[in-house]
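UniProt numbering applies: residue 1 is where the sequence shown begins, and numbers increase by one.
Cβ atoms here follow ideal geometry from the backbone N, Cα and C, with glycine treated the same way.
Since the model is a prediction, treat every value here as computed from it, not as a measurement.
Have a look at the structure below before the remarks.
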Amino acid sequence: MDSKNTIKWQSFNFPTNTILWGQRLSPMTRLTAFPISNSSPSFYYSLEIHDDKLALYLNSGNWKYSYWEYRPSDNRNITYACLTSQGLEIYNGLNWRITQITSKTPQEPPKFLALADATGNLGLYYYSPQKQVFEVSYEAINNTCYLPFACNKSYGICTSSGECSCIRLVKRGLSGLYCCNEEMLAGGSCDKSRLGMIELHGITTVLSSSSKKVNLTKAACADLCLNNCTCVAAMYGDNVNREGECYFYGLVRGVKQMGDVRERKMSYMVKVPKDVIDDCHGKGCPIKTWVLVVVGVVDGLVILILSVGIGYCVVQRRKNNIHNAENNQNIN
């Protein structure tokens with residue numbers, strides 16, 4: 001216990017988010033942490049060891065989503081990991097060290113490894129004699145947008161600038177835009193007569209779901225989520241490496257702007273009420289509620305404003321040039 005009477009470390013007989021120097025982690029043990037701002041005990045983070053990887057998970061009821069993985073090269077198997085003065089060393093069944101996660105301050109060996117309650121990030125910590133506090137010497141995730149709770153609210157979007165926005169939709173009966181939230185499914189997520197799926201262009205999620213089906217079309221993927229009472233979002237990928245893969249989600253978290261090319265090959269869809277304005281009608285529409293969605297991304301708005309401003313200046317300049325040329329001709 002610390003001076004505030006809160007737990008700093010405890011044995012693996014109880015959930016803990018910390019291991020100290022010399023302690024081991026195996027597939028039989030794991031670190032767990034609970035989001036401080038989360039009022040529901042159903043959410044928790046975990047660091048788990050598998051035969052082929054270390055992974056961070058966001059757990060929610062029966063759903064399990066990974067958001068970070070560390071794999072040894074050459075597909076080598078993992079038996080356990082141990083915190084040493086070099087960092088987190090990873091061993092095989094012959095007790096040979098096959099790889100390690102190294103501290104960025106080798107002159108100050110790590111004192112403990114912790115899974116942060118607030119963020120779910122994994123870090124190595126050392127003691128700074130000068131500042132007389134523990135400081136991080138390694139973090140598994142360096143980009144805030146790659147954390148599952150980067151935005152505190154559900155349906156929040158982490159933009160490329162690191163700011164949080166929201167999924168904004170046009171809704172019948174309301175002027176302007178409104179932000180999606182969990183309350184829009186307060187009537188339940190099973191009533192297909194009042195619900196539909198929409199695709200969010202330029203958006204993805206950092207969470208990898210273990211619930212998936214393959215060899216599906218995008219329309220079939222959306223329809224399966226629509227018919228699943230526990231599904232509120234789906235991710236679809238269809239290319240050489242992904243044969244119509246469809247992933248299902250029981251929450252809308254870890255949503256961010258797309259970055260690299262691999263992310264742009266995926267389609268992210270969410271379940272919404274049908275009173276969202278729909279420009280697709282009739283039997284010829286595979287999913288009636290696929291609409292053009294306005295995503296509240298600050299970066300995109302700035303780019304749009306700049307583009308309009310530059311375009312206006314170019315047009316005005318051309319008009320002035322034409323006007324001056326006509327005046328010169330009249331003078332001549």
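Presumed contact (8 Å Cβ cut-off) between Trp-68 and Ile-19, rounded CB distance: Actually they are not in contact, since the Cβ atoms of Trp-68 and Ile-19 sit about 17 Å apart, beyond 8 Å.
For Thr-16 and Val-232, what's the separation of their Cα atoms in angstroms? 31 Å
Please report the straight-line C-alpha distance between Val-294 and Arg-168, rounded to a whole angstrom. For Val-294, the pLDDT reaches just 43, beneath the cut-off of 50, and the residue's location in the model is therefore unreliable, although a value from the coordinates is still provided. Cα to Cα, Val-294 sits roughly 6 Å from Arg-168.
Let me make sure I understand the geometry here. Which of Thr-29, Gln-23, Pro-273 and Pro-35 has the alpha-carbon closest to that of Lys-153? Measuring from the Cα of Lys-153, the nearest candidate turns out to be Pro-35.
Whole-Å CB distance - Trp-21 paired with Phe-112, under 8 Å assumed: 7 Å between Cβ atoms; contact.
In the structure shown, what three-state DSSP assignment does Cys-179 receive? strand
Quick check: the Cα distance between Tyr-236 and Cys-229, rounded to an integer number of angstroms? 19 Å
Check the C-beta distance from Tyr-268 over to Thr-205 and give it rounded, since I have them as a contact under 8 Å. 6 Å
Pick from Leu-115, Ser-210, Arg-253 and Leu-195: whose alpha carbon is nearest that of Asn-62? Ser-210
Can you name, in chain order, every residue of its own chain whose Cβ lies under 7 Å from the Cβ of Gly-244, other than the five neighbours on each side? Val-214, Asn-215, Leu-216, Thr-217 and Asp-238
Name the DSSP beta bridge partners of Cys-164, please? Cys-158
Residues bridged to Cys-246 [DSSP beta-bridge criterion]: Lys-213 and Tyr-236
Among Arg-194, Tyr-80 and Gly-250, which one has its Cα closest to the Cα of Tyr-155? Gly-250
Spatial distance of Gln-130 from Tyr-138 (CA atoms): 19 Å
Alpha carbon to alpha carbon, how far is Gly-202 from Thr-144? Give it in angstroms, no decimals. 18 Å
Could you check the C-alpha separation between Tyr-70 and Leu-47 for me, to the nearest Å? 11 Å
Would you give the residue range spanned by the alpha helix (DSSP H) that Cys-221 belongs to? 218-226
Starting from Leu-147, trace the beta strand (DSSP E) both ways and give me its first and last residue. Careful: Leu-147 lies outside any beta strand (DSSP E) and carries neither H nor E.
Cβ-based neighbour list, Gln-23, same chain, cut-off 8 Å, excluding 5 preceding and 5 following: Cys-82 and Leu-83
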